[in-house]
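Asker: Line by line, the protein sequences are chains A and B. Residue numbering for the first sequence follows UniProt numbering, beginning at 1 and increasing consecutively. Residue numbering for the second sequence follows UniProt numbering, beginning at 1 and increasing consecutively.
2 protein chains.
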Amino acid sequence: MTDNTHRSYEGDDIVPHVCRACESRHGGICSVLTHEQLVQLNKHSSRRTIEGGAEVVGQGESVGSYSNILRGVVKLSKMMADGRQQIVGLQFAPDFMGRPFSHESALTAEAATETEICAFPRAALERMIEQSPELEHKLYNQSLKELDEARDWMLTLGRKSAREKVASFLYLIATHIDPLADDGFTFDLPLSRADIADFLGLTIETVSRQMTKLRNEKIIIVENNRHVSVPDIDRLSAAAGND
Amino acid sequence: MTDNTHRSYEGDDIVPHVCRACESRHGGICSVLTHEQLVQLNKHSSRRTIEGGAEVVGQGESVGSYSNILRGVVKLSKMMADGRQQIVGLQFAPDFMGRPFSHESALTAEAATETEICAFPRAALERMIEQSPELEHKLYNQSLKELDEARDWMLTLGRKSAREKVASFLYLIATHIDPLADDGFTFDLPLSRADIADFLGLTIETVSRQMTKLRNEKIIIVENNRHVSVPDIDRLSAAAGND
DNA sequence: CGCAAACTTGACGCACTTCAAATGGTGTGG
DNA sequence: CCACACCATTTGAAGTGCGTCAAGTTTGCG
């Protein structure tokens with residue numbers, strides 16, 4: 001396993017300006033690039049802000065670029081011909097977004113909240129992958145992580161009750177979003193009820209009813225429909241059916 | 001993308017005996033290894049036959065080895081504390097089996113049918129990955145493929161009806177198993193009804209009822225409960241809800 | 001042949017969906 | 001600052017697809 005030992009160079013003039021203050025420099029894929037590679041990649045990269053609800057790539061579209069998520073939440077979804085939809089993954093900063101070695105997207109990527117990304121052309125990254133085994137290793141590790149998450153979620157989709165599904169979703173968010181306050185777990189939901197339903201394989205109404213029940217049981221505290229607090233994360237975890 | 005151009009060496013004395021006749025030599029990960037590496041890996045590798053139903057690795061166990069599937073079907077499953085189970089993936093020859101860079105298994109791997117594998121110690125493979133970017137690239141590509149499949153299946157689990165789920169399963173098998181006859185799609189199911197139910201997030205009874213319906217509609221022909229023929233793969237695909 | 005396991009079939013119940021209406025929350029213009 | 005409109009969410013009532021429980025039936029194996 002490779003070790004990231006570029007820390008000593010931090011602040012060095014060689015690091016591109018935009019990257020120097022980049023939140024993604026450490027956890028993201030850029031952390032394994034040499035300064036030369038960083039400069040190289042940066043020549044073609046561009047920061048973009050995407051408003052919540054806007055589509056980044058559509059299912060079946062050809063993909064011209066990859067990107068890093070710097071801020072926000074992106075939902076990956078699949079749609080059937082008749083309109084039924086399933087969210088198959090959520091991505092958070094500093095995740096890498098894209099499906100290397102496939103030029104047609106099998107899914108839709110859409111910003112759930114306002115999102116900031118750093119995009120670079122497909123060719124630039126693919127060239128860099130060929131040159132840098134560390135980069136490919138980093139990408140491989142992220143795809144293994146995503147595969148683990150996808151399989152966890154398959155258990156949720158296939159075998160959990162509506163109540164457990166909703167609790168599982170809240171638990172996922174609680175453990176992936178930076179909390180708004182220090183007093184435990186308080187956060188804003190990045191997804192609407194409709195999105196949550198599409199993520200859980202349920203209807204909006206069922207999601208709403210289960211949220212109400214969890215609220216009545218004091219497992220969660222809800223304000224403004226989006227703002228949620230979890231007083232006891234272990235109770236939520238238990239409601240999610242986690243061992 | 002790397003190109004496998006070792007074909008000219010075929011039959012060369014340097015290739016280990018066991019590998020020379022190996023069905024996995026071409027599609028599997030071994031196809032990107034040099035002959036030297038193949039010899040190296042072969043020193044520690046061992047062929048094993050696993051009877052149907054036997055466990056290869058258990059959920060939560062520490063993993064001592066990786067392997068290639070040479071023949072048969074392996075099911076990957078997750079279990080909740082109360083016994084609810086979900087199959088999260090099926091692997092066919094010549095798939096690589098294992099989760100690199102994680103020493104504790106998050107899932108159970110069990111032979112669905114009688115299965116033959118070629119196992120090698122964890123350390124041997126991990127050393128080789130460090131030396132060979134081509135090998136890591138090959139593994140990365142398989143994990144991307146598995147991720148694509150997992151996400152496809154999430155749509156099935158979350159949004160399809162029982163009928164569509166069963167048809168989707170039959171379609172998956174029909175397109176992944178070598179047919180028994182040349183007359184289109186005839187095969188033996190590698191999974192029992194109980195396994196199919198665990199794969200689809202259904203009960204045995206529901207699977208059975210939907211199979212009966214598909215049989216009555218002549219979309220499938222069933223003999224002996226395991227032997228299935230698909231006269232028109234497009235009708236099956238349509239029943240599965242594929243566009 | 002006979003037993004056990006796997007599979008099928010039937011009757012009934014319930015969790016979730018569907019359809020419909022009420023409520024709340026947010027932004028806009030007066 | 002309020003009134004209104006619009007959308008998101010909640011709540012209610014009724015329907016249904018799948019699960020549960022309980023026989024049967026078939027298959028495979030000693």
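Where a beta carbon is used, it is the ideal one built from N, C-alpha and C, also for glycine.
(1) Using a Cβ distance threshold of 8 Å, determine whether the stretch 118 to 137 of chain B contacts the stretch 29 to 38 of chain B, with at least three qualifying pairs required.
(2) Show which residues of chain B have a CB atom less than 9 Å away from the CB atom of A/Leu33.
(3) Distance cutoff 7 Å, beta carbons only. Does B/Val88 sit that close to anything in chain A?
(4) Pick out whichever of A/Ala81, A/Leu139, A/Asp82, A/Arg159 has its Cα sitting closest to the Cα of B/Gly83.
(5) DSSP three-state label for B/Gln142, please.
(6) Between which residues of its own chain and B/Glu110 is the CB-CB distance below 6 Å, once the five residues before and five after are set aside?
(7) Hey, A/Ala119 and A/Ser65: beta-carbon distance below 7 Å or not?
(8) Is the CB-CB distance between B/Ser77 and B/Thr108 below 7 Å?
(9) Would you kindly check if the distance between the Cβ of B/Ser168 and the Cβ of B/Ala240 is under 7 Å?
(10) In the DSSP output, which residue or residues are listed as bridge partners for A/Met211?
(11) Under 7 Å between the Cβ atoms of B/Pro190 and B/Val88?
(12) Along chain B, which residues have their Cβ under 8 Å away from the Cβ of A/Asp195?
(13) Since B/Leu107 meets chain A, which of its residues come closer than 7 Å, beta carbon to beta carbon?
(14) Can you have a look at A/Val228 and say buried or exposed, based on whether 16 or more other CB atoms are within 10 angstroms of its CB?
(15) Does the distance from the C-beta atom of B/Gln37 to that of B/Phe96 stay below 7 Å?
(16) Should B/Ile221 go down as buried or exposed, given a rule of 16 or more other Cβ atoms within 10 Å for buried?
(17) By the DSSP assignment, the alpha helix (DSSP H) with B/Ser45 in it spans what residues?
(18) Whose C-beta lies closer than 7 Å to the C-beta of B/Glu10 among residues of the same chain, with five residues either side of it excluded?
(19) Distance, Cα to Cα, B/Val230 vs A/Asp232?
(20) Between the stretch 136 to 147 of chain A and chain B, which residues of the former have a C-beta closer than 9 Å to a C-beta of the latter?
(21) Per DSSP, what kind of secondary structure is A/Ser8 in: helix, strand or coil?
(22) Below 8 Å on C-beta distance, what does B/Pro133 contact in chain A?
(23) If we require 3 or more residues per run, which beta strand (DSSP E) segments fall completely within the UniProt domain "Cyclic nucleotide-binding" (29 to 146) of chain B?
(24) What three-state label does DSSP hand B/Glu164 in the structure shown?
(25) Using a Cβ-Cβ cut-off of 7 Å, state whether A/Asp243 counts as contacting chain B.
(26) In whole angstroms, give me the CA-to-CA distance for B/Glu205 and A/Arg127.
(27) Pull out every residue of the stretch 156 to 169 of chain A whose Cβ sits closer than 9 Å to any Cβ of chain B, in chain order.
(28) Run the CB neighbour count on B/Val207, radius 10 Å, all protein chains shown included, and call it buried at 16 or more, exposed below.
(29) DSSP three-state label for B/His17, please.
(30) Quick one: measure Cβ to Cβ for A/Glu23 and A/Leu90, integer angstroms, because I've assumed they're closer than 8 Å.
(31) Using the beta-carbon of each residue, which ones in chain A are nearer than 9 Å to B/Arg99?
(32) Does chain B have any CB closer than 7 Å to the CB of A/Lys218?
(33) Measure from the C-beta of B/Arg84 to each C-beta in chain A and report whether the shortest distance is under 7 Å.
(34) Can the beta-carbon of B/Leu236 be found less than 7 Å from the beta-carbon of B/Tyr140?
(35) Which same chain residues, not among the five before or five after B/Gly58, have their C-beta less than 6 Å away from its C-beta?
(36) Starting from B/Asp188, trace the alpha helix (DSSP H) in both directions and tell me its first and last residue.
Answerer: According to the structure data:
(1) yes
(2) Residues of chain B passing the Cβ test: none, with the nearest at roughly 16 Å.
(3) yes
(4) A/Arg159
(5) helix
(6) Glu55, Lys75
(7) yes
(8) yes
(9) yes
(10) Answer is none; A/Met211 lacks a bridge partner.
(11) no
(12) Within 8 Å Cβ-Cβ: nothing; A/Asp195 doesn't reach chain B, min ~13 Å.
(13) Arg151
(14) buried
(15) no
(16) exposed
(17) No alpha helix (DSSP H) contains B/Ser45, which DSSP labels as neither H nor E.
(18) Its pLDDT being 48, under 50, B/Glu10 is placed unreliably by the model, and the measurement read from it follows with that caveat. Nothing listed; no residue qualifies.
(19) 52 Å
(20) Glu136, His137, Leu139, Tyr140, Asn141, Ser143, Leu144, Glu146, Leu147
(21) With a pLDDT of only 46 at A/Ser8, under the threshold of 50, the placement of this residue in the model should not be trusted, and no figure is reported.
(22) Pro133, Glu136
(23) 46 to 50, 55 to 57, 65 to 71, 73 to 79, 85 to 92, 108 to 111, 115 to 121
(24) helix
(25) yes
(26) 52 Å
(27) Thr156, Leu157, Gly158, Arg159, Lys160
(28) buried
(29) helix
(30) The pair is not a contact, with the Cβ atoms about 18 Å apart (cut-off 8 Å).
(31) Leu144, Leu147, Asp148
(32) no
(33) yes
(34) no
(35) Thr108
(36) Element bounds for B/Asp188: not the alpha helix (DSSP H) but the beta strand (DSSP E), 185 to 188.
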